[in-house]
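S.K.: Chains as they are written, first to last, in this note's numbering: chain G, 1 to 381; chain F, 1001 to 1299. Cβ coordinates follow ideal geometry from the N, Cα and C atoms, glycine included. Handing you a structure now.
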Amino acid sequence: MRALVYSILIVLISLLVSSAQIKKDHSGQNITCETCHVCRVPTKDDPCLRACPRLLMIKQFPSPETGPDVVVMDDLTDRYMPGVFPHKLHAQMSEMTGGCIACHHYNTLGPILNCKECHSIKRKREDITKPDLKGAYHQQCLNCHRQWSHKTECVSCHEKKNGNTGLSVAQLISRFKNKSHPEVNKPDVIVYDTNYDKGKLVTFYHKEHSTLFGLKCIDCHNNENCIRCHDLQKKNKEQISGFDLPVKVQVSKEERHLKCFGCHANNKCSFCHSNEKMKPFDHKLRTGWALNRFHKKLSCIKCHGNKKSFTKLNSNCNNCHSGWTPETFNHKITGLVLDDNHSDIDCEECHLNRDFGNKPVCDNCHDDKNWPENKPGRMVE
Amino acid sequence: MATQNRRDFLKTATFLSASALSIPTTHAKASEPEALNENRMGVLVDTTVCIGCRNCEAACKEAHNLPMETSFNINNRDIFKLKRRPDETSLTVVNEYPNPKNKLLPTDVKVQCMHCDHPACVSACIVGAFTKHKNGAVTWDGSKCIGCRYCMVACPFQIPAFEYNKAIQPRIMKCDFCFERQSENKLPACVEICPTEALTFGKRKDLLEIARDRIKRRPERYINYIYGEHEVGGTSWLYLAGQKFSNLDFPVLGTEPAPGVTESIQHGIFAYFIPPIALYALLGGVMWINRRKNSEEEK
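Written out as structure tokens, the structure is:
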């Protein structure tokens, strides 16, 4: 008898489970149901989701470009017009300010959840552990927007329902449709004014770090404040220019060094600190091995590998270029086909000390000839 | 000369002392508070979420039919240069303080009656015009008030205000936790209007849980303190902050209920009826000496 009751129960439960329309990408995750659900049989009507935060949730977000361009928020339109939220623009900005997770804070790996799936549209409600939808929206938006606009008036963001004088919802949607955040202006060099006695100035070659050293913006700018670029009280020009003058360091010593120590932990203070503006990184000065015009185009990691600190390499050509020996090297790839007189002599006859980065010398053999006026062969593309 | 003889006097004195001692002495300390309702309501004010929009001020005035002067403009942020207190026309005000963590995100603090669990105003009121309700609200009844303003002196948060400019029937004015709205199953006006839900309305015990959870989850955002949890024995309104409460003009108060202090002093004097008995004894002594003198003179 008891067995019968159990089997009926099991059948009923499995029926309930199958009717719950679990999406493939959602139930197939590599997490247990208990990570998100409190009850054994969650249904669509009663998903019995755990209270936020679901800290152990796996999170992976698609790129900002794959999300919606615009999201219209029209659940709370009692006094004001629906909010037209340029989602893509904000998603792109968020890449340097914490990422998608800044807003989609407790998302599952499945479909991206709307705010209202967790946040009730009613203020008077049972579960007060998380803010209602109005509170959640405003907490999320105003944290940046009141720094950006220096205002907290409702009408500085909302159009009034009666007597709307601004753009209509359709106009706003078309305004933000297909709009992307412009590329961020990057300084070439920033000079920081520090309090370090033995070297007040730190010259930071921003462009080198981002292009040569292969760093991505978010490697350093992972928790920026939007206000760093967006401030309605300042004009854009004011913020971008002025990098040439020493910038007073605002953050604590520890915080400032933390960003550099990822790579420069073993460098001496004088590597960065000096009393004068430093010259850009010069491979010959620092390492004694000048980069030729081909090597100059490469990012450091091409040769040195993607390590945090670059180590000295063997300067023999065939250390990187396998099979490049004086006998087999085809000089044509440098853009110069050597004539018969020159193709048989040693490399070091012209490239003293195997210094291939500097101009070759001719006066070992010639009294009256000089590079580049006289060429030991024929130039090709 | 004296009609009362010594025996009579002693008889009376003994009777008086006996009756004095027979008076119950349970009032020697502060009165035992009535049991607080476990499900009493409260509001959690998260000052890290408040944006200082002052919609609560306007909503409060509207809900209580208070005058809105033409100068009253919630969008005027210059008013934050002053530090205001609730008064007879504004039962709640928002003040702004610098935020050491981010100067662009100042800390805004809404001030109103804290609705103490052991309210000093209720205790100080000699006519019982104040009531601590089951739902946590502390309200004032104009029909009983005699305008002595003891409540204003007693309140550790200096909340009750008086309509000095009203000649006829001036009222004590303070936040009533929207008692009427609550009885209509509505939220307090300020809680309802708050755009960021910096004000969370709920059972006090739940709010404490929520507050502890927020502190635990965001230790970099909050200081580990819930103002109102223990202050003067606990208050219905609770506060979270990202910086020291003393920097935000919150008074530093003990955990003893405020009425306890005043009542202990008052009641302590009369403990075990010692002062009256001592007085009677002294008077009796004087009378006895006088009587002896008289009788000696007679002799």
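Taking CB distances under 8 Å as the criterion, tell me whether F:Glu1032 reaches chain G.
M.R.: In the second sequence, residue 1032 of chain F corresponds to position 32, counting from 1. Note that F:Glu1032 scores 46 on pLDDT, short of 50, meaning its location in the model is unreliable; the coordinates nonetheless yield the value given after this. It does not; no Cβ of chain G falls within 8 Å.
S.K.: Quick one: what's got a C-beta closer than 7 Å to G:Val17's C-beta in the same chain, skipping five residues either side?
M.R.: As a position in the first sequence, residue 17 of chain G is number 17, starting the count at 1. Reliability fails at G:Val17, whose pLDDT of 43 lies under 50, so the model's placement of it is uncertain and the value that follows must be treated cautiously. So the list reads Val41, once near-sequence residues are dropped.
S.K.: G:Tyr80 by DSSP, collapsed to three states: which one?
M.R.: Working through the first sequence from its first residue, we reach residue 80 of chain G at position 80. DSSP places G:Tyr80 in strand when its eight states are reduced to three.
S.K.: The ligand GTP and F:Arg1054: does any heavy atom of the ligand fall closer than 7 Å to the residue's C-beta?
M.R.: Ligands displayed in this structure: none; no statement on the ligand GTP is therefore possible.
S.K.: Per DSSP, what kind of secondary structure is G:His90 in: helix, strand or coil?
M.R.: Mapped onto the first sequence, residue 90 of chain G falls at position 90. Note: G:His90 maps to helix in three-state DSSP.
S.K.: Shorter than 8 Å from the beta carbon of F:Cys1053 to some beta carbon of chain G?
M.R.: On the second sequence, residue 1053 of chain F is found 53 positions in, with the first residue counted as 1. Yes, F:Cys1053 lies at the interface with chain G (some Cβ there is under 8 Å from its Cβ).
S.K.: Bridge partners for F:Cys1116 per DSSP, in chain order?
M.R.: Indexing the second sequence from 1 puts residue 1116 of chain F at position 116. Looking at the DSSP assignment, F:Cys1116 forms a beta bridge with F:Thr1235.
S.K.: With a Cβ-Cβ cutoff of 8 Å, do G:Lys186 and G:Lys216 count as a contact?
M.R.: Residue numbering aside, residue 186 of chain G sits at position 186 when the first sequence is read from its first letter. Residue numbering aside, residue 216 of chain G sits at position 216 when the first sequence is read from its first letter. Not closer than 8 Å, so no.
S.K.: Looking only at its chain, what residues have a beta carbon closer than 7 Å to the beta carbon of F:Cys1151, apart from the 5 residues adjacent to it on each side?
M.R.: Position 151 of the second sequence, counted from the first residue, corresponds to residue 1151 of chain F. Cys1121, Ala1124, Cys1125, Phe1130, Pro1160, Ile1172, listed in sequence order.
S.K.: Let's test the definition: count the other Cβ atoms within 10 Å of the Cβ of G:Arg293 and tell me whether it reaches 16, buried, or not, exposed.
M.R.: For this step, residue 293 of chain G is matched to residue 293 along the first sequence. The residue is exposed, with fewer than 16 neighbouring Cβ atoms inside 10 Å.
S.K.: Does DSSP put F:Ser1017 in a helix, a strand or coil?
M.R.: Counting from one through the second sequence, the residue named residue 1017 of chain F turns up at place 17. At F:Ser1017 the pLDDT is 49, less than 50, meaning the model places this residue with poor confidence; the figure from the coordinates comes in the next sentence. Of the three classes helix, strand and coil, the one that applies to F:Ser1017 here is helix, per DSSP.
S.K.: At what residues does the beta strand (DSSP E) containing G:Glu159 begin and finish?
M.R.: Numbered from its first residue, the first sequence carries residue 159 of chain G at position 159. G:Glu159 -> no beta strand (DSSP E), and no H or E assigned at all.
S.K.: Just grab the DSSP bridge partners of F:Lys1203 for me.
M.R.: For the purposes of this step, residue 1203 of chain F is identified with residue 203 of the second sequence, where counting begins at 1. DSSP output for F:Lys1203 lists F:Met1041 as bridge partner(s).
S.K.: Are the CB atoms of G:Thr311 and G:Asn318 within a distance shorter than 8 Å?
M.R.: Here residue 318 of chain G refers to the residue found at position 318 when the first sequence is read from its first residue. Here residue 311 of chain G refers to the residue found at position 311 when the first sequence is read from its first residue. No. Outside cutoff.
S.K.: Between the C-alpha atoms of G:Cys36 and G:Pro47, what's the straight-line distance to the nearest angstrom?
M.R.: As a first step, residue 36 of chain G must be located in the first sequence, where it is residue number 36. As a first step, residue 47 of chain G must be located in the first sequence, where it is residue number 47. Roughly 9 Å separates the two Cα atoms.
S.K.: So, F:Ile1223 versus F:Lys1244, is the Cβ gap smaller than 8 Å?
M.R.: Taking the first residue of the second sequence as position 1, residue 1223 of chain F is located at position 223. Taking the first residue of the second sequence as position 1, residue 1244 of chain F is located at position 244. Going by C-beta atoms, F:Ile1223 is nearer than 8 Å to F:Lys1244.
S.K.: Show which residues of chain G have a CB atom less than 7 Å away from the CB atom of F:Val1049.
M.R.: Along the second sequence, one-based indexing puts residue 1049 of chain F at 49. In chain order: Gln139.
S.K.: Output needed for F:Pro1067: all residues of its chain with C-beta closer than 7 Å, excluding positions within five of it in sequence on either side, in chain order.
M.R.: Taking the second sequence and counting its residues from 1, the one referred to as residue 1067 of chain F is at position 67. Counting only Cβ-Cβ distances below 7 Å, and skipping sequence neighbours, we find Thr1089.
S.K.: Which two residues bound the contiguous beta strand (DSSP E) that contains F:Asn1311?
M.R.: In this structure chain F extends from 1001 to 1299, so residue 1311 of chain F is not present and cannot be described.
S.K.: In three-state DSSP terms, what is F:Ser1123?
M.R.: By one-based count along the second sequence, residue 1123 of chain F stands at place 123. Residue state, collapsed to three classes: helix.
S.K.: When you compare the CB of F:Pro1160 with every CB in chain G, is at least one pair closer than 8 Å?
M.R.: Numbered from its first residue, the second sequence carries residue 1160 of chain F at position 160. No, F:Pro1160 does not count as interfacial toward chain G.
S.K.: Determine which residues share a DSSP beta bridge with F:Leu1187 and list them.
M.R.: Against the second sequence, residue 1187 of chain F aligns to sequence position 187. DSSP lists no partner for F:Leu1187.
S.K.: Taking the DSSP output, what are the residues bridged to G:Met379?
M.R.: For the purposes of this step, residue 379 of chain G is identified with residue 379 of the first sequence, where counting begins at 1. In the DSSP output, where bridge partners are listed per residue, G:Met379 has G:Leu336.
S.K.: Going by DSSP, what residues sit across from F:Ala1161 in a beta bridge?
M.R.: Here residue 1161 of chain F is taken as the residue at index 161 of the second sequence, counted from 1. In DSSP, F:Ala1161 forms a bridge with F:Met1173.
S.K.: With 16 as the cutoff for other CB atoms within 10 Å, does G:Tyr137 come out buried or exposed?
M.R.: Indexing the first sequence from 1 puts residue 137 of chain G at position 137. Burial call: buried.
S.K.: By the three-class DSSP mapping on this structure, what secondary structure does F:Asp1213 have?
M.R.: Numbered from its first residue, the second sequence carries residue 1213 of chain F at position 213. It is helical.
S.K.: Tell me whether the region 1045-1059 of chain F and the region 1192-1206 of chain F touch, counting them as touching only if at least three CB pairs, one residue from each stretch, are closer than 8 Å.
M.R.: A contact exists between the region 1045-1059 of chain F and the region 1192-1206 of chain F.
S.K.: When the cut-off is 8 Å and only beta carbons count, does G:Lys234 lie next to chain F?
M.R.: By 1-based counting over the first sequence, the position of residue 234 of chain G is 234. Chain F, which has no Cβ nearer than 8 Å to the Cβ of G:Lys234, makes this no.
S.K.: In the DSSP output, what is G:Thr194 paired with across the bridge?
M.R.: As a position in the first sequence, residue 194 of chain G is number 194, starting the count at 1. Bridge partners of G:Thr194: none, in fact.
S.K.: Under 8 Å, Cβ to Cβ, is there at least one residue of chain G near F:Thr1200?
M.R.: For the purposes of this step, residue 1200 of chain F is taken as residue 200 along the second sequence, with counting starting at 1. Yes, because at least one Cβ of chain G sits closer than 8 Å to the Cβ of F:Thr1200.
S.K.: Identify, in the order they occur along the chain, each residue of the same chain with its Cβ nearer than 7 Å to the Cβ of G:His119, setting aside the five sequence neighbours on each side.
M.R.: Walking along the first sequence from the start, residue 119 of chain G turns up at place 119. Contacts found: Lys130, Pro131, Asp132, Leu133, Ala136.
S.K.: How would you write the range of the beta strand (DSSP E) that F:Trp1140 sits in, first residue to last?
M.R.: The residue given as residue 1140 of chain F occupies position 140 in the second sequence. Counting along the chain, the beta strand (DSSP E) containing F:Trp1140 begins and ends at 1138-1140.
S.K.: Measure the C-alpha to C-alpha separation of G:Asn358 and G:Cys220 and round it to an integer number of angstroms.
M.R.: For this step, residue 358 of chain G is matched to residue 358 along the first sequence. For this step, residue 220 of chain G is matched to residue 220 along the first sequence. Going from the Cα of G:Asn358 to the Cα of G:Cys220 covers about 35 Å.
S.K.: Could you tell me whether the Cβ of F:Asp1078 comes closer than 8 Å to any Cβ of chain G?
M.R.: For the purposes of this step, residue 1078 of chain F is taken as residue 78 along the second sequence, with counting starting at 1. Cβ-Cβ to chain G under 8 Å: no for F:Asp1078.
S.K.: What in chain G is Cβ-close to F:Pro1100, meaning under 8 Å?
M.R.: Taking the second sequence and counting its residues from 1, the one referred to as residue 1100 of chain F is at position 100. Those within 8 Å of F:Pro1100 in chain G number zero; the least Cβ separation is about 13 Å.
S.K.: One question on the structure: do F:Ala1211 and F:Leu1238 come within less than 8 Å of each other, judged by their Cβ atoms?
M.R.: The residue labelled residue 1211 of chain F in the question sits at position 211 within the second sequence. The residue labelled residue 1238 of chain F in the question sits at position 238 within the second sequence. In contact: F:Ala1211 and F:Leu1238 (Cβ atoms closer than 8 Å).
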